[in-house]
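*Asks:*
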Amino acid sequence: MFGRWRIKQTDQIQTKNVSKSLSDNMIYIQKSFNQSSDLKTRSFQFIKQEGLLVYLETVCDLEKIQTNVLVPISKLTGNNTTIDKLITSTRLESSNDLDYSIDQMLRGYCLLFMEDNENAFIFNASKINSRSPDEPSNEKVVRGSHSGFVENLDTNLNLIRTRLANRQLTIEYMEIGTESNTRTAVVYMKGLANEQVLSCLKERMQSISSDMLFSPGYLEEFIEDEPFSPFPQTLYSERPDRVMAHLMDGKIAIFTDGSSDVVIAPVTLFSFFQSPDDYNSRVYAGSFFRLIRFVSFIVALTFPALYIAIVAFHFEVIPNEIVVLVKHSVESVPFPPLIEAMIMAFTIELIREAGVRLPTPIGSTIGIVGGLIIGDAVINAGLISNMMVIIIAITAVSSFTVPSYEMSTSIRLLTFPLMVSAASLGFLGMAFSLMFIIGHLCKLESFGTPYFATLAPLTIRDLKDSFVRFPVWMFNRRPQETRAKNMQKQGRNREWDDEE
Amino acid sequence: MKNKKIQISSFQTFFLVIQSQIGISVISLPYFVFLAAKTDSWISVLIAGFIVQLIILMNWALLKRFPERNVFEIIKHVLGNRLGKLVIVFYVAYFILVASVVLSLFSLAIKSWLLPLTPQWVIKLLMVLIGIYIAKENIRIISRFYVLASVVIFMFIVLMFYSFRFGNHYYLMPIGISGVTPILKGVKEAILPFIGFELFMVVYPNINATDGTKLKVFTLANFFVTSFYTLITLACLAFFSPDELTLIPQPVLYLIKSFSFRIIERPDIFFTSFWIVLVATSFMSYLYSLSRGLKSVYISFYRKWYVYLGGMISFTLSNIYNQKIEVSKLSNLTSVLSLVFIVILPFILFMLTMFLKKREDIKYA
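Residue numbers (my numbering), protein chains in the order written: chain A, 1 to 500; chain B, 1001 to 1365.
#1: Starting from the Cα of V324/A, find the closest Cα among K485/A, P336/A, V311/A and give me that residue.
#2: Which residues in chain A have a C-beta closer than 7 Å to the C-beta of L1114/B? List them in chain order.
#3: Does V1277/B come within less than 8 Å of chain A when only Cβ atoms are used?
#4: What residues from chain A crowd round Y1133/B, counting only those whose CB sits closer than 9 Å?
#5: Taking 8 Å as the CB-CB cut-off, is N1003/B touching chain A?
#6: Within a Cβ cutoff of 8 Å, which residues of the same chain sit near S260/A, ignoring the five residues on either side of it in sequence?
#7: Using beta carbons (cut-off 8 Å, strictly below), is T1213/B in contact with chain A?
#8: Specify, as a first and last residue, the run of the alpha helix (DSSP H) that L22/A falls within.
#9: Beta-carbon separation of Y1286/B and L1294/B under 8 Å?
#10: Return no unless some Cβ of chain A is closer than 8 Å to the Cβ of S1273/B.
#11: Determine the burial state of F1014/B: buried for a count of at least 16 other Cβ atoms within 10 Å of its Cβ, exposed for fewer.
#12: Smallest Cα separation from G439/A: which of K1136/B, S1260/B, I1018/B, K1185/B?
#13: Taking the DSSP output, what are the residues bridged to E172/A?
#14: Is the CB of V1151/B under 8 Å away from at least one CB in chain A?
#15: With a 10 Å radius around its C-beta and 16 neighbouring C-beta atoms as the bar for buried, classify S1150/B as buried or exposed.
#16: In this structure, does DSSP put P450/A in helix, strand or coil?
#17: What separation, rounded to the nearest whole angstrom, lies between the Cα atoms of Y284/A and R290/A?
#18: Beta-carbon separation of I1232/B and M1160/B under 8 Å?
#19: Can you look up Y1146/B in the DSSP assignment and give me helix, strand or coil?
#20: Closer than 8 Å, CB to CB, is H328/A near chain B or not?
#21: May I have the straight-line CA-CA distance separating S1291/B from G1310/B, to the nearest angstrom?
#22: Once the 5 residues before and after G429/A are set aside, which same chain residues still bring their CB inside 7 Å of it?
#23: Measure from the C-beta of L306/A to each C-beta in chain B and report whether the shortest distance is under 8 Å.
#24: Per DSSP, D97/A forms a beta bridge with which residues?
#25: Take the Cβ of R461/A as the centre, count every other Cβ of all protein chains shown within 10 Å, and call the residue buried at 16 or more, exposed below.
#26: Answer yes or no: does any C-beta atom of chain A fall closer than 8 Å to that of A1280/B?
#27: Looking at the unbroken alpha helix (DSSP H) that takes in L1172/B, where does it start and where does it end?
#28: Can you tell me whether I1006/B is buried or exposed? The criterion is at least 16 other CB atoms within 10 Å of its CB, across all chains shown.
#29: Ends of the alpha helix (DSSP H) at Y1091/B?
#30: Answer yes or no: do G108/A and K127/A have a C-beta to C-beta separation smaller than 8 Å?
#31: Quick one: what does DSSP say S126/A is sitting in, helix, strand or coil?
#32: If the cut is a Cβ gap below 7 Å, which residues of chain B does I318/A touch?
#33: Evaluate I171/A with the Cβ neighbour count: other Cβ atoms within 10 Å of its Cβ, from every protein chain shown; 16 or more gives buried, anything less gives exposed.
#34: Spell out a yes or no on whether the region 206-218 of chain A and the region 94-108 of chain A are touching, meaning 3 or more CB-CB pairs, one atom from each, closer than 8 Å.
#35: Beta carbons nearer than 7 Å to chain B: which residues of the region 455-482 of chain A have them?
#36: Does the beta-carbon distance from N1070/B to V1217/B come in below 8 Å?
Okay, structure coming up:
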């Protein structure tokens, strides 16, 4: 219903041509902008002809307008020249379509009308208003590049172009959002990125009929394969080096104006556990930390459920010495283990959620009050057992070691159903719910790429860069799941090494 | 699916076959064989593996003649549409029966090992749900899942080797004391756990390999399963005395139960949970096979509807008989039926194709 209504509305707009009369044009522009206050004009004289400069002062750099047009005009001495030769802006076009020109004004362009001329000159005078490319606070690394994307699309594309000086790096602009007209850019390596994935992605992006594109999360929800899956199917990154590495694997990056996050697709589960730091540290250390992340993934997912299942159903699986300890701590607690775990997990989520939105000093206070005081008091009061606090704390800490925020949230959410199934059916319930999760991961596909790739389907060669990280010079071929058109990544390296 | 066939690699086929075979009976195999063949059970298992290899060869020879058709389509092609569909319905009924027996045996084992008080239908329902969840997907996704699930089998193997540390190999001596007849009787018992390889007859055209490679993969899978079963049998025979073995119906779990590690006092409980995965995979195979069968009888519905239907029917069926005696009677029935559906019927089909000279692998000019 709404779609039809919108189409009808756009039909009514007829292309209006630039009129020879300056005032006609001005009246039309003013009407288009609803007499907006930031619409400014400046009239001038150019070889006995009246000229009019129209711009939105909020998106234009006034100094640029001055140096590009007004200064050359004022310095004009001779008579035999035309206005377009005078404008010194690098981007200049002329159009007789007034509506098109008006749309360009929104992007920081300035219009110049001459009397008795049926063309409007459009030149760029946009105000670039962006912060410096600082290191993103949620993707910090110890070594390596410390630059990060900013909210300006052009700056971000510049960051990527300077890193990948290759003519195959292709950028395609797209405007998404019927009302907001947000600029997005699809960036990929031609000759590497899989064409099928690319066309699928572009088709999905073009089919977005939302009136605005608010954030990359919006974009993700419109284009992902399984919107109701607990797992994120595109990767966000604010790091140019990370995006570059993914582009060189044949993946596609989507840049959105106004957001410092770049959406990378297609991805696999393993991409969420990689961090640029892995490749900057020594092979053993990099592998060790990668492995730690996977262990923490499994711990965060199953640890509370395992504990609940053991305490509630299978006390006999733990040896006697531990039974004594656990029993001692559980004995006086009034709640069943599931309720206990739920209370603690919920409290931790509360503390986290409260801490996220607050300024840092208050945030850390919340952490101390929440973590130390509540934790201590709750045990002293005998409401929650020591063991449960330990379990939930370890779970929370391990869930935060996953480098991707989205993935760590998914893991924490998945703990709850696992806990419930463990509390109702013990190990049997856990086995079934884990089978469901693994089955779901086997099913998931991100733009036709298996999400659980290198494990399902199992490609042993690609395990080099999954749980551990092999030396970089051994990655001679790109992973199978990237479906890149050119699989060869590098030839033989380290040939000077006799033993190689 | 018509224009673009979903293909799986031979690597995946290997796991697909072994996962469908190894399932419910892996924990009780040594017991039943032992009842017949005593200390020479392992010979029975080896012979059973050899016989299964012969059956595989025969089925392969049949399937090879029609590289673009699976067993149901061959039946329709050879026996004609009407009769063919009737036979397929029998096949489907057999699959449903096996699936429901799997469900019942599974819930009985869970009842005695993990959750004695939980109502059995809850356990069955969970199994049906996971079965439907995976089996409704295409064969590529199923095989992905099976490959991952095979980690469990390797855990079993490691544990069996570990058990030899405590084994007494004199229990196996003297070899061949039971005589020929008991060993052959043991073979009859030992064939049942091999059932499940018939999945390859359903997915044959979906395997992306030459006919020779396919046979190699099936043989390798059969070899693997035979060695695995022999290993289990040997481990149990060496670990338990002959008197003991007649008393414990799930010797593999008892074997694991007797170990204790530093942090896991009762590994059997963990391994029962892992075993659930093995049962689930073979259950899924049956659901998948029966849905493919029904799809070739009546093509207009989505295959996943047949998966739902098959899941529901086997769930209801398995709830009708819950007692141990009924279940063991039914499982005897399935072993007879499996002989009919896996050996006799394909053999008849094979003979028919030979006489009628029907084949599609060689084009006559």
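Just so you know, even glycine gets a beta-carbon here, dropped at the ideal spot from N, CA and C.
Bear in mind the structure is a predicted one, so any value in this text is a computation, not a measurement.
*Replies:* According to the structure shown:
#1: Sequence index remark: in the first sequence, residue 324/A carries index 324 (1-based). Looking at the Cα atoms, V311/A is the closest of the given residues.
#2: Taking the second sequence and counting its residues from 1, the one referred to as residue 1114/B is at position 114. G426, F427, L428, listed in chain order.
#3: Within the second sequence, the letter at position 277 stands for residue 1277/B. Yes, because at least one Cβ of chain A sits closer than 8 Å to the Cβ of V1277/B.
#4: Against the second sequence, residue 1133/B aligns to sequence position 133. Going along chain A in sequence order, the residues near Y1133/B (Cβ under 9 Å) are M435, F436, G439, H440, K443.
#5: As a position in the second sequence, residue 1003/B is number 3, starting the count at 1. At N1003/B the pLDDT is 42, less than 50, meaning the model places this residue with poor confidence; the figure from the coordinates comes in the next sentence. N1003/B does not count as touching chain A.
#6: For this step, residue 260/A is matched to residue 260 along the first sequence. Once the five neighbours on either side are set aside, the close Cβ partners of S260/A are P136, G148, F149, V150, E151, N156, E238.
#7: Taking the second sequence and counting its residues from 1, the one referred to as residue 1213/B is at position 213. So no, T1213/B is outside the interface.
#8: By 1-based counting over the first sequence, the position of residue 22/A is 22. 22-32 is the extent of the alpha helix (DSSP H) around L22/A.
#9: Numbered from 1 along the second sequence, position 286 holds the residue referred to as residue 1286/B. Numbered from 1 along the second sequence, position 294 holds the residue referred to as residue 1294/B. The answer is no: Cβ separation not under 8 Å.
#10: Here residue 1273/B refers to the residue found at position 273 when the second sequence is read from its first residue. S1273/B counts as touching chain A.
#11: Along the second sequence, read from residue 1 onward, the residue named residue 1014/B stands at position 14. It counts as buried.
#12: For the purposes of this step, residue 439/A is identified with residue 439 of the first sequence, where counting begins at 1. The option with the nearest alpha carbon to G439/A is K1136/B.
#13: For the purposes of this step, residue 172/A is identified with residue 172 of the first sequence, where counting begins at 1. According to DSSP, E172/A bridges with V186/A.
#14: Sequence index remark: in the second sequence, residue 1151/B carries index 151 (1-based). Output row for V1151/B: interface = no.
#15: Locating residue 1150/B in the second sequence gives position 150, counting from the first residue. Counting Cβ neighbours within 10 Å, S1150/B comes out buried, since at least 16 surround it.
#16: The count along the first sequence starts at 1 and reaches residue 450/A at position 450. P450/A: strand per DSSP, three-state reduction.
#17: For the purposes of this step, residue 284/A is identified with residue 284 of the first sequence, where counting begins at 1. For the purposes of this step, residue 290/A is identified with residue 290 of the first sequence, where counting begins at 1. Taking the straight line from one Cα to the other gives about 10 Å.
#18: For the purposes of this step, residue 1232/B is taken as residue 232 along the second sequence, with counting starting at 1. For the purposes of this step, residue 1160/B is taken as residue 160 along the second sequence, with counting starting at 1. Yes. Within cutoff.
#19: Residue mapping note: residue 1146/B aligns to position 146 of the second sequence, counting from 1. It is helical.
#20: As a working mapping, residue 328/A is identified with position 328 in the first sequence. No, no contact with chain B.
#21: The count along the second sequence starts at 1 and reaches residue 1291/B at position 291. The count along the second sequence starts at 1 and reaches residue 1310/B at position 310. Each residue's alpha carbon lies about 7 Å from the other.
#22: Looking up residue 429/A in the first sequence gives position 429. The beta carbon of G429/A sits closer than 7 Å to those of S421, A422, all from its chain and outside the five residues before and after it, given in chain order.
#23: Here residue 306/A refers to the residue found at position 306 when the first sequence is read from its first residue. L306/A does not count as touching chain B.
#24: Residue 97/A sits at position 97 when you count from the first residue of the first sequence. For D97/A, which the question treats as bridged, DSSP gives the partners N17/A.
#25: The residue labelled residue 461/A in the question sits at position 461 within the first sequence. With fewer than 16 Cβ atoms within 10 Å of its Cβ, R461/A is classed as exposed.
#26: By one-based count along the second sequence, residue 1280/B stands at place 280. True, the Cβ-Cβ gap to chain A drops below 8 Å.
#27: Here residue 1172/B refers to the residue found at position 172 when the second sequence is read from its first residue. Element bounds for L1172/B: n/a, residue is neither H nor E.
#28: The sequence position of residue 1006/B within the second sequence is 6, counting from 1. Counting Cβ neighbours within 10 Å, I1006/B comes out exposed, since fewer than 16 surround it.
#29: Working through the second sequence from its first residue, we reach residue 1091/B at position 91. 1081-1113 is the span of the alpha helix (DSSP H), which, as asked, contains Y1091/B.
#30: Numbered from 1 along the first sequence, position 108 holds the residue referred to as residue 108/A. Numbered from 1 along the first sequence, position 127 holds the residue referred to as residue 127/A. Yes, the pair counts as a contact, with Cβ atoms nearer than the cut-off.
#31: Indexing the first sequence from 1 puts residue 126/A at position 126. In the structure shown, S126/A sits in a strand (DSSP, three-state: E or B).
#32: Mapped onto the first sequence, residue 318/A falls at position 318. In chain order: E1265.
#33: Taking the first residue of the first sequence as position 1, residue 171/A is located at position 171. The residue is exposed, with fewer than 16 neighbouring Cβ atoms inside 10 Å.
#34: The region 206-218 of chain A is not in contact with the region 94-108 of chain A.
#35: The region 455-482 of chain A vs chain B, Cβ under 7 Å: L455, A456, P457, L458.
#36: Here residue 1070/B corresponds to residue number 70 of the second sequence, with the count starting at 1. Here residue 1217/B corresponds to residue number 217 of the second sequence, with the count starting at 1. No. Outside cutoff.
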